[in-house]
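Undergrad: Protein chains in written order, with my numbering: chain A, 1 to 390; chain B, 1001 to 1390; chain C, 2001 to 2390; chain D, 3001 to 3390.
Submitted below is the structure of interest, expressed as structure tokens.
Number of protein chains: 4
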Amino acid sequence: MKPISLFDIGKKATSPEEAVSLRQKLVSRGAESDYSHLFHTTLDLETVSAKNCENLIGSIEIPVGVAGPLLIKQLSHEVFIPLATTEGALVASVSRGCKALSLSGRASCLVEYKGMTRSPVFACQDGRSANELVAWIKTHESVLKKTAEATSSHLKYLSYQSWIRGRHVYLRLVFDTDEAMGMNMATIASDAVSREIVAASDGVKLIALSSNVCTDKKDSVINSLFGRGYWVQAECFIPDEVLTSVLKTTADFMLETHTAKNLVGSNLAGSLSQNGQVANILAAIYLATGQDPAHVVDGSKAFLNLEKTDGGLYVSLTLPSLELGTVGGGTYLPAQTEARKLIGNGNMPTATELASVVGAACLAGELSLLASLTTNTLAKAHKALGRAKQ
Amino acid sequence: MKPISLFDIGKKATSPEEAVSLRQKLVSRGAESDYSHLFHTTLDLETVSAKNCENLIGSIEIPVGVAGPLLIKQLSHEVFIPLATTEGALVASVSRGCKALSLSGRASCLVEYKGMTRSPVFACQDGRSANELVAWIKTHESVLKKTAEATSSHLKYLSYQSWIRGRHVYLRLVFDTDEAMGMNMATIASDAVSREIVAASDGVKLIALSSNVCTDKKDSVINSLFGRGYWVQAECFIPDEVLTSVLKTTADFMLETHTAKNLVGSNLAGSLSQNGQVANILAAIYLATGQDPAHVVDGSKAFLNLEKTDGGLYVSLTLPSLELGTVGGGTYLPAQTEARKLIGNGNMPTATELASVVGAACLAGELSLLASLTTNTLAKAHKALGRAKQ
Amino acid sequence: MKPISLFDIGKKATSPEEAVSLRQKLVSRGAESDYSHLFHTTLDLETVSAKNCENLIGSIEIPVGVAGPLLIKQLSHEVFIPLATTEGALVASVSRGCKALSLSGRASCLVEYKGMTRSPVFACQDGRSANELVAWIKTHESVLKKTAEATSSHLKYLSYQSWIRGRHVYLRLVFDTDEAMGMNMATIASDAVSREIVAASDGVKLIALSSNVCTDKKDSVINSLFGRGYWVQAECFIPDEVLTSVLKTTADFMLETHTAKNLVGSNLAGSLSQNGQVANILAAIYLATGQDPAHVVDGSKAFLNLEKTDGGLYVSLTLPSLELGTVGGGTYLPAQTEARKLIGNGNMPTATELASVVGAACLAGELSLLASLTTNTLAKAHKALGRAKQ
Amino acid sequence: MKPISLFDIGKKATSPEEAVSLRQKLVSRGAESDYSHLFHTTLDLETVSAKNCENLIGSIEIPVGVAGPLLIKQLSHEVFIPLATTEGALVASVSRGCKALSLSGRASCLVEYKGMTRSPVFACQDGRSANELVAWIKTHESVLKKTAEATSSHLKYLSYQSWIRGRHVYLRLVFDTDEAMGMNMATIASDAVSREIVAASDGVKLIALSSNVCTDKKDSVINSLFGRGYWVQAECFIPDEVLTSVLKTTADFMLETHTAKNLVGSNLAGSLSQNGQVANILAAIYLATGQDPAHVVDGSKAFLNLEKTDGGLYVSLTLPSLELGTVGGGTYLPAQTEARKLIGNGNMPTATELASVVGAACLAGELSLLASLTTNTLAKAHKALGRAKQ
């Protein structure tokens, strides 16, 4: 059987609309009316076809709820957090956490941009020549920097790390990609750098432009140690009265459950994540604001800390690799753009501000989930509000 | 400052429409017209508000492209794969992989349902009483099974594992949740089982209904070893002529890059995943078909294998924990339902069939990415087709 | 240059003594007197040459100190713990911990024998035939059990686990090897089982008798989850007065340091161990009692738990994979045999008793180290007592 | 029951001999003659008591066999490798690997000294002040360097890394400790640095001088990424004729088994080590040459690479954290000193040279084990030569 060519349709059609329509006919075997929701879209077909999605046939819609308001020390306005999710109880859970944080004198956020990375791997003739390549890169860093920066006016070269395994050299290039998440920019710059390295070196071969040492969209320790995208930490001191009134729990219960679940339970499971449901909140904000949802994999490797203090709890959530941006990819889509504007209370937030809000929202979700576990009301909430989280 | 209560709005409004409208007014500070795309939705407000998303204000739209057709030995029809994504080049990449698989005599899939899990953790008085609790559970398994199954007609108890750490007992309960992904059902059943254990045991306390040993939406080794949801393996023998004509590469190049990237590079990064971009494809199909995108975290811990054979390559991708379903959560949404129907060529696929397609589509994505790395055309593709993928 | 054959010497010599002497001459280039300590040994040359060490040339001596006495609930006598070490402060540290445990109403130990494992890996024609092999093994378990048990009167077959990756089947066979650590027995039994599987199956090939899934002498999560050798947990309630008088610290300080170091610090380092210096104590007892010191790698993946209680601390150390024995390998050597006898207070302890003592001694070491960290006296101790420990 | 004080004996005795004798009487309950081997020692009681081992009662003896000769490009002489082991077949296995390497034109070694580390953890008032502490350390690095170097004439400060988790700062200090393994020196220097930090900072508290981020004697990714002690890589091209004649195997078999075992099997087991038996060889050389055997835990996290080449195999073993020295700890003991001299062919090797030999010997062990797995002769070897390895 000869496979039908969806690509050919794109080439033959005289307009994006026609291409979409022809594809719909083809994949539905002529039963377009059976797919009226999937085949309906309000998106701009030309732009989306060109930039975001080949073989376009339509779109799906994901409901957006709003959690908050959330008060963050580094932002002057009350923040409403748009969450695109179909998981009942999630928005309610984050909202409760926001209330706890806001009533505790606001969440506070530290943000440090670590840069976007890409990691080519090169093959040399032996370990000694791999060592020489590492030395060559060290002495030619300024040249490579120039090469990288020539590929885009938005990209700045920041630094690199390198490792040898056998006769292979793994290079982890780190770039400032401005307001973009920047994976594309980093790939193009790494390609230029890699080609220059190969051209300058005798017998050096590029094995792969991406060697998983980046690490993109896979769990890794390297991202936790070096960071990727934005390193964010949200924290707060929660007084006992807020624990009691809003979270219906106590500092001791929170600490006991946190230790048994996030510090010991994760370890038993062979997991290096130390949190309860960061992936849930991350996925919901990433979708709402036009980020790449596959980046939830790296971003959710997050670390909750709780300490008992006089009169309450110190809580913090460290997220070493939030890969996000305000330009590029799906960020320009209209609803997603408006969702970011909503976060900015009418003004477009910077990527750094967005990263703060993401961190604080994830902390809110952690507090609320942990509290509901201490009171064993998780199952009850899910019976009432739909599907289970965490 | 008194935080504004979004929840109160829901209670005061006389209809879901009014509630949505009031919330829109509130969060936009009266500037609703600035958020016309975000605040627009075709979804059923009543159902979505009740089941999927509290504090509903609107929705976002994600474009859907289609990859394929893909031929799978276990399915009689050509499969078109709907991918909800904004990442340029992704659909094209999966399509190329589908072509390679289809021309190689179809992909073949193994699927085994492992069940949905939830892991309560209990505190005992000391290690000895923890040991006794473990023994009690063993002898009362049939009672607990009855308790679990009384919570839902769709749920069957399957098995359990248990571990002691100090005086805590971690229990991992495994359920068959039928066609649902089942996290909610499993939570409710685990709640009943946990309450029964606590009632029957002297001095045993439930610390948390979920202890991260499940493991839900976090990277873990436990899911790789025991599986969660569906264990899927897709495989194919790719002849040299398909490697050359479709993937523009050779068996030797594929193997060299796979080893340097997935087997060694991942290890260097401190990652136990052995794949290139499974998270991308998983996120796109999960979104298109109404799954929970946060499950991409566990699901993407997948393992690619390549072996040179006479005349080509044996390739396989093992995905031990695909948490998905055809009922529950966001699966009922109209476009998402139609996307599954598209996969079933007009018939609704079972969760098992869906799992097969997901596995094979991920394998397609792996082959195409790996091939483009061997030919160093990744950067080029992204320049042409938009944003970078892993 | 033709390499000199040390093996030929063994064959030519008419006695073990002569062989040793000829080898000493050869490797010292005739300068035997320069190596008078290394070339001196009181060991039985014939037995050692035949069973423990090819190309024998002499021996090294390691000092043995004694920690204790340690009181353990499951043992009726005071235990003295022989530690073979050159690390100043280690014996003193363990002794202090023993004192704390003994004064706190004795340590209590749980021991469960999990069995010795070996993991062959088989190649099949494809995933489907791999699946069939797994099914075949399931239905032929009793036959394979017989085959395994025919290889030794000391070995009992216990169970197996299996996994598929691509077209490879990984089998983890679990045996009761009686009082022996049993790696050798398990290897021979696995060899017989593997040969039977290959003989019975069409197109199945044994790739390796050991596939690292055992896991032997490498860090792994699989051993933590399933156990290997002896699973041991030692625990104790330490009253505040003992914390103050013996350990010079408080429950709060201990908990704070434990959390920052073992639960969070280990995680930051990308380590799944949650302890301070188990490897030190394990190495010292393993060497003193004739165990294989390379098993410290798996054995030291141990998990300390601390909980504040009314009036003190609950402490426990879980060690899921202590591979040890009282027969086989180097256990028969005279000083090492006597070291075990010392542990048994004049009687030879069983492997289970030995495992208890090892667990409790490691807990003693943990308490003492943690206490010294809380008081910041670690550097001071090392200045006074020699070299640094963890 | 009042525990008997072994420490008091030490204080009362008028000589080390008397102290040893009194302890022997005490721990043997007067039956000294039952422990004649354990209580016998040729070691210098005074020095050992003072520097290496408190509560000294005697010693154990471990047989030493010799593997080799091994030819290494960076050393001008044939190397004999002393291995202290009781594991039958180990010396034979390493010897076979040495023969293969030597006949293949010598092993080649890369060595890079990474330095010894210690990682204090500090508590601050909140995340912001943690951030300020990190900034303070950065601007005061030269002062801290001076403080560190004032503690020992043998120690040079090299660099540091730092991380924030919540309001804790984890500092990883890296020192050059000259020819010593240097854990003690690094601890004392870190103590001085930590005290200075605390003195200069308002509200900063030292939680622990060692936070497991070092990482000492625990598995970790941090040591693989940054190295600790010596980073060593040994490599060789093995021609097909050596594979056939010495290792009785082929390049294809070696590669197939390596991939299934070290790259895939380890991953399945949840292990980030990629080798077969490095721990065996490391333990045996470390014991023979006076190193700390607990360092086998970190050191054995080693990575084997195999690549097919025209006419044979490229093989390499990367060991990122070999913690060893030629002075300090147990290195001065007479037999252990002579063992190092044996390695140096009559001259004392430097720590760098020793590290090379350790790396090459481990590679020899890997090749031999892998070859025996491909031919399925492992069980046979163990039947013939004693106990199982790997």
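Note that the Cβ used here is the ideal one computed from N, Cα and C, for glycine as well.
Using DSSP with H/G/I as helix, E/B as strand and the rest coil, what is residue 1089 (chain B)?
TA: Of the three classes helix, strand and coil, the one that applies to residue 1089 (chain B) here is coil, per DSSP.
Undergrad: Report the three-state DSSP secondary structure of residue 2322 (chain C) (helix, strand or coil).
TA: strand
Undergrad: Quick check: the Cα distance between residue 223 (chain A) and residue 1223 (chain B), rounded to an integer number of angstroms?
TA: 22 Å
Undergrad: So does the region 2196-2208 of chain C actually touch the region 2072-2079 of chain C, counting three or more Cβ pairs closer than 8 Å?
TA: no
Undergrad: Excluding the 5 residues flanking residue 1214 (chain B) on each side, which residues of the same chain have their C-beta closer than 6 Å to its C-beta?
TA: 1117, 1118, 1119
Undergrad: Residues of chain D with a CB under 9 Å from the CB of residue 366 (chain A): which are they?
TA: Residues of chain D passing the Cβ test: none, with the nearest at roughly 13 Å.
Undergrad: Okay, do the region 3172-3190 of chain D and the region 2244-2254 of chain C touch, 3+ Cβ pairs below 8 Å being the bar?
TA: Touching, no.
Undergrad: Leaving out five residues on either side along the sequence, give the residues of the same chain with a beta carbon under 6 Å from the beta carbon of residue 3231 (chain D).
TA: 3112, 3114, 3320
Undergrad: Looking at the C-beta of residue 1347 (chain B), does it have a partner C-beta in chain A at a distance below 8 Å?
TA: no
Undergrad: May I ask you to report which of helix, strand or coil DSSP gives residue 3314 (chain D)?
TA: strand
Undergrad: Please classify residue 2226 (chain C) as buried or exposed, where buried requires at least 16 neighbouring CB atoms within 10 angstroms.
TA: buried
Undergrad: Can you tell me the Cβ-Cβ gap for residue 3057 (chain D) and residue 2066 (chain C), rounded? I've got them flagged as a contact below 8 Å.
TA: 5 Å
Undergrad: Determine whether the Cβ of residue 136 (chain A) lies closer than 8 Å to any Cβ atom of chain B.
TA: no
Undergrad: Does the region 2090-2104 of chain C come into contact with the region 2193-2204 of chain C, if we say contact requires no fewer than three beta-carbon pairs (one atom in each stretch) closer than 8 Å?
TA: no
Undergrad: Closest by CA to residue 1144 (chain B), which one among B:1166, B:1175, B:1125, B:1129?
TA: B:1175
Undergrad: Reducing DSSP to helix, strand and coil, say where residue 3223 (chain D) ends up.
TA: Of the three classes helix, strand and coil, the one that applies to residue 3223 (chain D) here is helix, per DSSP.
Undergrad: Against chain C, with Cβ distances strictly below 8 Å, would residue 1106 (chain B) count as a contact?
TA: no
Undergrad: I'd like to know whether the C-beta atoms of residue 1297 (chain B) and residue 1217 (chain B) end up nearer to each other than 8 Å.
TA: Their beta carbons are under 8 Å apart, which means residue 1297 (chain B) touches residue 1217 (chain B) by this criterion.
Undergrad: Whole angstroms is fine: what's the gap from residue 2293 (chain C)'s alpha carbon to residue 3138 (chain D)'s?
TA: About 41 Å.
Undergrad: Comparing C-alpha positions only, which one of B:1160, B:1091, B:1317, B:1166 sits nearest to residue 1190 (chain B)?
TA: The shortest Cα separation from residue 1190 (chain B) among B:1160, B:1091, B:1317, B:1166 belongs to B:1160.
Undergrad: What are the partner residues of residue 1074 (chain B), as DSSP defines its beta bridges?
TA: DSSP lists no partner for residue 1074 (chain B).
Undergrad: Do residue 2221 (chain C) and residue 3269 (chain D) count as a contact pair if the criterion is CB distance below 8 Å?
TA: yes
Undergrad: Is residue 313 (chain A) close to chain B? Criterion is C-beta to C-beta, closer than 8 Å.
TA: Using beta-carbon distances, residue 313 (chain A) does not count as an interface residue toward chain B, since no partner is under 8 Å.
Undergrad: Secondary structure at residue 290 (chain A), three-state DSSP: helix, strand or coil?
TA: Looking at residue 290 (chain A) - three-state DSSP - the assignment turns out to be coil, as it is neither helix nor strand.
Undergrad: Quick check on residue 1305 (chain B): buried or exposed, where buried means 16 or more other Cβ atoms within 10 Å of its Cβ?
TA: Residue 1305 (chain B) is buried by the Cβ-count criterion.
Undergrad: From which residue to which residue does the alpha helix (DSSP H) around residue 2024 (chain C) run?
TA: 2016-2027
Undergrad: If we ignore side chains and look at the alpha-carbon of each, how far apart do residue 2233 (chain C) and residue 3179 (chain D) end up?
TA: Answer to the nearest angstrom: the Cα atoms are 39 Å apart.
Undergrad: Under a CB-based cut-off of 8 Å, is residue 3131 (chain D) close to chain C?
TA: no
Undergrad: Does the beta-carbon distance from residue 330 (chain A) to residue 336 (chain A) come in below 8 Å?
TA: yes
Undergrad: Which one or two residues does DSSP pair with residue 2168 (chain C) in a beta bridge?
TA: Its beta-bridge partners are C:2123, C:2165.
Undergrad: Closer than 9 Å by beta-carbon distance: list the chain C residues that pair up with residue 1128 (chain B), in chain order.
TA: What residue 1128 (chain B) touches in chain C: 2108, 2110, 2235.
Undergrad: Hey, could you find the ends of the beta strand (DSSP E) residue 111 (chain A) is sitting in?
TA: For residue 111 (chain A), the uninterrupted beta strand (DSSP E) run begins and ends at 108-118, by DSSP.
Undergrad: Less than 8 Å between the CB atoms is what I'm expecting for residue 3051 (chain D) and residue 2088 (chain C), so what's the real figure, rounded?
TA: 6 Å
Undergrad: Does any residue of chain C bring its CB to less than 8 Å from the CB of residue 3393 (chain D)?
TA: As displayed, chain D neither begins before 3001 nor continues past 3390, which places residue 3393 (chain D) out of reach and without an answer.
Undergrad: Rounded to a whole number of angstroms, what is the C-alpha to C-alpha distance between residue 1295 (chain B) and residue 1181 (chain B)?
TA: Looking at the two C-alpha atoms, the distance is approximately 10 Å.
Undergrad: Comparing alpha-carbon positions, which option in C:2166, C:2165, C:2149 lies nearest residue 2158 (chain C)?
TA: Measuring from the Cα of residue 2158 (chain C), the nearest candidate turns out to be C:2149.
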